[in-house]
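The next block holds one structure in the form of structure tokens; read it before the comments.
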Amino acid sequence: MTDINHRRADHPIHSIFLERWSPRAFTGEEIGEKDLLALFEAARWAPSASNMQPWRFIYARRGTEDFASLLETLDEGNQRWAKNASALVIIVSKTHRLTSTGELRPAYTHAFDTGAAWFALALQTQLAGWHAHAMGGIDRDKAMRVLGVPEHYRVEAAVAIGKIADPSTLPEDLREREKPSQRKTLGDFVFEGRFKGD
Ligand SMILES: Cc1cc2nc3c(=O)[nH]c(=O)nc-3n(C[C@H](O)[C@H](O)[C@H](O)COP(=O)(O)O)c2cc1C
1 MTDINHRRAD
11 HPIHSIFLER
21 WSPRAFTGEE
31 IGEKDLLALF
41 EAARWAPSAS
51 NMQPWRFIYA
61 RRGTEDFASL
71 LETLDEGNQR
81 WAKNASALVI
91 IVSKTHRLTS
101 TGELRPAYTH
111 AFDTGAAWFA
121 LALQTQLAGW
131 HAHAMGGIDR
141 DKAMRVLGVP
151 EHYRVEAAVA
161 IGKIADPSTL
171 PEDLREREKP
181 SQRKTLGDFV
191 FEGRFKGD
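For the sequence shown, position 35 matches number 35 in UniProt numbering, and the numbering has no gaps at all.
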């Protein structure tokens, strides 16, 4: 079976699924705009219900004023390490769509679809030699305000993108956690025929 990053797949899968992980140690080097846009191109081709493509990505590259604004929307625990990212991204999804009669209708799968787009971005980031680290630890109200996000969108998550650095560059408490994580077994979450478990 495939062994990569101290991770073992029990069934044969593409190595990218074991190679991708979420480090916190980043070099802080610049990412070119074209290189960054190429990562979003992968997200563009994610599937979505009725092809509604409810995801929106707001990005800032390191060294810009926008980078400081996006960084400020993260929880302090995330700012500690995400400040060394090459780019920060806030992902929002469109929770409602406007009908032809001017009515706002809920879009049931907005979060599911946007999750698919985030993971396309994450895999492309890995393939391109960078790493992506998602964060739910954000001040969502602040992000809505600072980034001018309309009411019928939801802030889903933030992402730090960067080149991986040596763990020694991290504060000590984060250093110990700087390794690819493990997973439940298939038997814990894949059921034949009907739901099992708690
Ligand atoms: C939606 C989401 C929110 C997350 N929030 C945070 C966060 O706020 N801070 C953090 O350091 N990591 C965060 N993570 C990273 C997860 O802890 C990580 O993906 C998980 O432990 C699996 O590890 P791996 O990505 O290295 O395989 C988040 C990941 C996702 C997908």
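Even for Gly, the Cβ is constructed at its ideal location relative to N, Cα and C.
Item to complete: In angstroms with no decimal places, state the Cα-to-Cα distance between S48 and R97.
Response: Between S48 and R97, the C-alpha separation is close to 14 Å.
Worksheet item: Does any residue of chain B bring its CB to less than 8 Å from the CB of R177?
Response: The structure shown contains no chain B; it is built from a single protein chain.
Worksheet item: With burial defined as no fewer than 16 other Cβ atoms inside 10 Å of the residue's Cβ, what is the status of D113: buried or exposed?
Response: By the beta-carbon neighbour count (other beta carbons within 10 angstroms, threshold 16), D113 is buried.
Worksheet item: Between H133 and ligand 1, is the CB less than 7 Å from at least one heavy atom?
Response: Checking the Cβ of H133 against ligand 1 gives yes.
Worksheet item: Under 7 Å from any heavy atom of ligand 1, does the C-beta of W21 make it?
Response: Correct: W21 has its Cβ closer than 7 Å to ligand 1.
Worksheet item: DSSP puts K94 in a beta bridge; with which residues?
Response: Per the DSSP secondary-structure output, K94 pairs in a beta bridge with Y153.
Fill in: Short Cβ contact (8 Å threshold) for A157 with F26
The answer is no: Cβ separation not under 8 Å.
Worksheet item: Can you check whether the CB of I164 is closer than 8 Å to the CB of H131?
Response: Going by C-beta atoms, H131 is nearer than 8 Å to I164.
Worksheet entry | Among T125, S69, T99 and S168, nearest to I138 - alpha-carbon criterion | When each option's Cα is compared against that of I138, the closest is S69.
Worksheet item: Excluding the five sequence neighbours on either side, which residues of its own chain have a C-beta within less than 7 Å of the C-beta of R105, listed in chain order?
Response: The answer, listed in chain order, is H96, R97 and T99.
Fill in: Residue range of the unbroken beta strand (DSSP E) whose run includes H133
Where H133 is concerned, the enclosing beta strand (DSSP E) stretches over H131 to M135.
Item to complete: Look at R171 and R61 and say whether their C-beta atoms are less than 8 Å apart.
Response: The sequence shown places Pro at residue 171, not Arg. By the CB criterion at 8 Å, P171 and R61 fall outside the cutoff.
Worksheet item: Anyone know if the C-beta pair for A87 and M135 falls short of 8 Å?
Response: Result no, Cβ atoms of A87 and M135 do not sit closer than 8 Å.
Worksheet entry | Near ligand 1: P180 beta-carbon under 7 Å from a heavy atom | For ligand 1, at least one heavy atom lies less than 7 Å from the Cβ of P180.
Worksheet entry | Contacts around I16, its chain only, beta-carbon distance under 8 Å, and the 5 residues preceding and following it disregarded | Cβ contact annotation for I16 (same chain, cutoff 8 Å, sequence separation greater than five): L123, Q126 and L127, in chain order.
Practice prompt. Compute every distance between the C-beta of A157 and the non-hydrogen atoms of ligand 1, then say whether any falls below 7 Å.
Written response: Remark: the shortest separation between the CB of A157 and any heavy atom of ligand 1 falls under 7 Å.
Discussion item. For a test of the three-state rule: what should DSSP assign to L88, helix, strand or coil?
Written reply: L88 sits in a strand when the DSSP states are folded into three classes.
Worksheet item: Does DSSP classify R44 as helix, strand or coil?
Response: Under the three-state reduction of DSSP, R44 is assigned to helix.
Item to complete: Look at the Cβ atom of P23, then the Cβ atom of E176, and state whether they are nearer than 8 Å.
Response: Result no, Cβ atoms of P23 and E176 do not sit closer than 8 Å.
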